[in-house]
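Note that the working numbering gives residue 125 to position 125 of the sequence shown, counting from 1, and the numbers run on in steps of one. Just so you know, even glycine gets a beta-carbon here, dropped at the ideal spot from N, CA and C. Values in this document were obtained by computation on a predicted structure and should not be read as measured data. Since the structure comes first, as structure tokens, the remarks are kept for the end.
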Amino acid sequence: MILGFLRDFLFVNLNYQASKTYYHTINDYRISESIRFLESWSYTKLYYTKWALTILFSSCYALLTLYSIHLVFKSKFYNKLTMYTYLTLLILSFIAFGVGYLSDNLTKGYSIARQMMGWLQSPIILMLLMPALLLNKNKKV
């Protein structure tokens, strides 16, 4: 939960500041005092910080999910399955973005890629894998 709140806090404030910097507008939203230093950053720096944070939070969630799956099942196969799930979604995200770019429909491609990257930066993968693997483990052959 802490990771989710931290991610949301950072991205809400980064998005606000990026919008304010890019469009030179003043919105009703006020950036948090604890990260007021963002106000001095250029749009480019804010933009690339969001990319770096996307990688960081996706990695953190992947590690937490992997650790949780390992803790419960102690199965190398399930550990590999967990990492393949993350890797598959990451690759599909890149493909969606690339297809959108190449088909001159970047908005749609970005939207799909953004949705998948959102899944990688949330506990949703763990919430889907855990019951699926528990059902698989307990099924009678």
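Each of 3, 130, 9 was checked against the Cα of residue 70, and the nearest Cα belongs to 130. For residue 70, the enclosing alpha helix (DSSP H) has its first and last residue at 43-73. For residue 82, same chain residues with a beta-carbon under 7 Å away, outside a window of 5 residues either side, are 65, 66, 69, 129 in chain order. Take residue 41, set aside five residues on each side of it, and the residues of its chain with a beta-carbon closer than 8 Å to its own are 17, 21, 49, in chain order. A contact is defined here as three or more CB-CB pairs under 8 Å, and the segment 77-94 meets this definition with respect to the segment 120-139. Assignment of residue 21 by DSSP, reduced to helix, strand and coil, places it in the helix class.
Residue 100 sits close to residue 109, with the two beta carbons spaced by under 8 Å.
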